[in-house]
DNA sequence: CTGAAAGCGCTAACAG
DNA sequence: CTGTTAGCGCTTTCAG
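Protein chains in written order, with the numbering used here: chain A, 1196 to 1542; chain L, 1196 to 1542.
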């Protein structure tokens, strides 16, 4: 029977040495066209694929990139955000012939367990870290272990790092300006957790935008943990101070906020306009359709991969922060169409 | 400076041979307590971790399990189903000290590309395949390549395979019986795609349940591609034949169906009762709250991992199909509370 | 219970 | 352009 398929065996069948086969497999230039053809024929005929572990051991590169997602009690996985992110990362990796290793850690497992699993030599070449808290200790550990990494978010680290993020501040600011333009007078805010960079940035961006427009928020601020439930109870509380507009820091919380508005027998957008951040809930999912500051999650995932790849290849050596612009997608909850009609701007 | 950390070096520092260190690392029994302690001390002091690739090469086991998710244009990733599944699989793997490699393939990449990437020797020990179509060619390819695998779903394969699935038929049947019990007379169905086992089973289970209860469906059947939009348009069509109840084959389609009902100025559950399948959309997400046949997605993911692990360890050798029961979770859209009130059953 | 020795399949100088 | 020669770090017989 056929011997186990390896470089040696392929070489034997093609009448060349193991090294030559290796060169063909790796697309190195210094192989004669004729030899190359012969070897490729044998490879095609046998369906040979080089052994990944052997290759990793010899080359000290695994071709595997880790994606670390700390999932707090599974909450995060109900958010379409991560699906999009994974899809983007995955696409980029398929194109680069890289393999994605996914590390999801619940709260019950401690930080050091994460590290020791991920920083296993010979397992991954580098990692992408998501959902980072401000000053995430994970980042320091990764650095101590000399593991190349890229952060998704805006890390608050004393050291410079590679990172990819959406323009949370700018996006939130645009929501504030939009409210101002629509003539809303009593804006409110439901911010994401302030121990995350997204939470901090979306909050400050919105407040800055209001200040710019000369609007004040007068304590109409609440914070929620990304979920529908949090959005609903935060909104219920805010309604006591009669806001006429609310910027909600995530799509999921906005869904809850809409429910609270409905339960109070108020109308959105007539009584309270709503703009959310994310733009990733399917538009048909809620009524009225959600106006939101959309961030390009998929692109963020893709870019994180290409940036890490560049770091691994030594193509980029200085800290680099990529920031993607957001886009205010106007649908129904902000009441823009309404305002347009009233002022006679619309046809 | 410290030499590169490996078995040899740890052995040198502990005054033993490389083999002994290997035995300690792998928890083999035949090591004296004293030697073991000494070696462990050195390991703890140095933070040594064995090189994954080297270990894989020598032992012919990678400790990595692949999860294959064919994502059609990203549609599937908007569904919380996959997040849950990944979470379950991931949990199980963390417990078994296994690493998860995620393979997401869009439609643009063909089947053989999937195979050649996944079946790379020395990369993964086995794979879990999801979202399988009926008679999925992927399965045959996996078998041809001698790659151990477990299917999530009910594969329609001429060969026996290992699989894990939810009781789609039984769950759908229970929805039918529930409608009958509530006195609904004109049931309708929005089924998932019939080229998937879930689609086939949910459809037949529902129809069987109706037949059992003596209800007929009279052509009030549509099919949708899992999305909100599909549910909405299917429901809009069905309304022409005045159904008083509809079983929708997925949570997302049910969200769309609810919208269509509202847009037709009908009330749910008064005019049309709705029961969906999945039970994974956060309960607070829609109003009225969705009654649905819940499937234990996380458990399915966990079980797929433990089954594959057993297969890899040779603990199970005959084809095995694990089927998880579903649970009808009654909330508001089915109108059970309503019916109870009318008949005086409720307080 | 412990050590020595032989690979696992591949890459990477180094010759030629 | 091609072959030879050493390893990469670990597991795994086989002796002792």
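Where a beta carbon is used, it is the ideal one built from N, C-alpha and C, also for glycine.
On a predicted model such as this, the values are computed, not experimentally measured, just so you know.
N-terminal and C-terminal residue of the beta strand (DSSP E) that residue i is part of
i: residue 1294 (chain L); result: 1294-1300
i: residue 1383 (chain A); result: 1382-1386
i: residue 1281 (chain A); result: That residue, residue 1281 (chain A), is in no beta strand (DSSP E); its alpha helix (DSSP H) goes 1275-1291.
i: residue 1434 (chain A); result: No beta strand (DSSP E) holds residue 1434 (chain A); DSSP gives it neither H nor E.
i: residue 1476 (chain L); result: Premise fails: residue 1476 (chain L) is in no beta strand (DSSP E) and is neither H nor E.
i: residue 1261 (chain A); result: 1259-1265
i: residue 1511 (chain L); result: Per DSSP, residue 1511 (chain L) belongs to no beta strand (DSSP E) and is neither H nor E.
i: residue 1272 (chain L); result: Looking at the DSSP string, residue 1272 (chain L) is not in any beta strand (DSSP E), and its letter there is neither H nor E.
Assigned secondary structure, residue i (DSSP; H/G/I helix, E/B strand, else coil)
i: residue 1540 (chain A); result: A caution first: residue 1540 (chain A) carries a pLDDT of 47, below 50, which makes its placement in the model unreliable, though a value can still be read off. Note: residue 1540 (chain A) maps to coil in three-state DSSP.
i: residue 1196 (chain A); result: Only weak support is given to the placement of residue 1196 (chain A): the predicted model assigns it a pLDDT of 46, under 50, and the value that follows is read from those uncertain coordinates. Correct three-state label for residue 1196 (chain A): coil.
i: residue 1482 (chain L); result: coil
i: residue 1332 (chain L); result: helix
i: residue 1318 (chain L); result: coil
i: residue 1497 (chain L); result: helix
i: residue 1457 (chain L); result: helix
i: residue 1471 (chain L); result: strand
i: residue 1516 (chain L); result: strand
i: residue 1411 (chain A); result: coil
i: residue 1366 (chain L); result: helix
i: residue 1543 (chain L); result: In the structure as shown, chain L begins at 1196 and stops at 1542. Residue 1543 (chain L) is therefore absent and cannot be evaluated.
i: residue 1522 (chain L); result: strand
i: residue 1360 (chain L); result: strand
i: residue 1211 (chain A); result: coil
i: residue 1487 (chain L); result: strand
Residue range of the unbroken alpha helix (DSSP H) whose run includes residue i
i: residue 1241 (chain L); result: 1228-1241
i: residue 1401 (chain L); result: 1392-1408
i: residue 1252 (chain L); result: 1247-1254
Residue i versus residue j: straight-line alpha-carbon distance, rounded
i: residue 1471 (chain A); j: residue 1465 (chain A); result: 16 Å
i: residue 1215 (chain A); j: residue 1322 (chain L); result: 32 Å
i: residue 1209 (chain L); j: residue 1223 (chain A); result: 43 Å
i: residue 1347 (chain L); j: residue 1283 (chain L); result: 13 Å
i: residue 1338 (chain A); j: residue 1332 (chain A); result: 10 Å
i: residue 1236 (chain L); j: residue 1415 (chain A); result: 57 Å
i: residue 1513 (chain A); j: residue 1330 (chain A); result: 20 Å
i: residue 1517 (chain A); j: residue 1366 (chain A); result: 15 Å
i: residue 1384 (chain L); j: residue 1308 (chain L); result: 37 Å
i: residue 1342 (chain L); j: residue 1364 (chain L); result: 30 Å
i: residue 1335 (chain A); j: residue 1310 (chain A); result: 10 Å
i: residue 1483 (chain L); j: residue 1526 (chain L); result: 8 Å
i: residue 1256 (chain L); j: residue 1250 (chain L); result: 8 Å
i: residue 1230 (chain L); j: residue 1213 (chain L); result: 13 Å
i: residue 1211 (chain A); j: residue 1315 (chain L); result: 23 Å
i: residue 1275 (chain L); j: residue 1274 (chain A); result: 8 Å
i: residue 1325 (chain A); j: residue 1263 (chain A); result: 6 Å
i: residue 1519 (chain A); j: residue 1528 (chain A); result: 25 Å
i: residue 1238 (chain L); j: residue 1340 (chain A); result: 16 Å
i: residue 1463 (chain A); j: residue 1453 (chain A); result: 7 Å
i: residue 1371 (chain A); j: residue 1459 (chain A); result: 24 Å
i: residue 1563 (chain A); j: residue 1443 (chain A); result: An answer regarding residue 1563 (chain A) cannot be provided, because it is not within the stretch 1196 to 1542 covered by chain A.
i: residue 1272 (chain A); j: residue 1387 (chain L); result: 23 Å
i: residue 1409 (chain L); j: residue 1312 (chain L); result: 51 Å
Rounded Cβ spacing between residue i and residue j (contact assumed at less than 8 Å)
i: residue 1434 (chain A); j: residue 1455 (chain A); result: 7 Å
i: residue 1381 (chain A); j: residue 1428 (chain A); result: So it is not a contact: roughly 20 Å between Cβ atoms.
i: residue 1296 (chain A); j: residue 1259 (chain A); result: 5 Å
i: residue 1475 (chain L); j: residue 1446 (chain L); result: 6 Å
i: residue 1317 (chain A); j: residue 1247 (chain L); result: 4 Å
i: residue 1285 (chain A); j: residue 1299 (chain L); result: 4 Å
i: residue 1544 (chain L); j: residue 1368 (chain L); result: Because chain L here runs from 1196 to 1542, residue 1544 (chain L) falls outside it and cannot be looked at.
i: residue 1278 (chain L); j: residue 1278 (chain A); result: 6 Å
Open item on the list: Closer than 8 Å is the cut-off here; do at least three beta carbon pairs connect the region 1422-1430 of chain L with the region 1464-1481 of chain A?
Closed with: yes
Open item on the list: Any contact between the region 1341-1356 of chain A and the region 1369-1386 of chain A? By contact I mean 3 or more CB pairs, one from each, below 8 Å.
Closed with: no
Open item on the list: Would the region 1481-1501 of chain L count as touching the region 1354-1368 of chain L if we require 3 or more Cβ pairs under 8 Å?
Closed with: yes
TODO: Please confirm if the region 1225-1244 of chain A is in contact with the region 1237-1256 of chain L, defined as three or more CB-CB distances below 8 Å between the two stretches.
DONE: no
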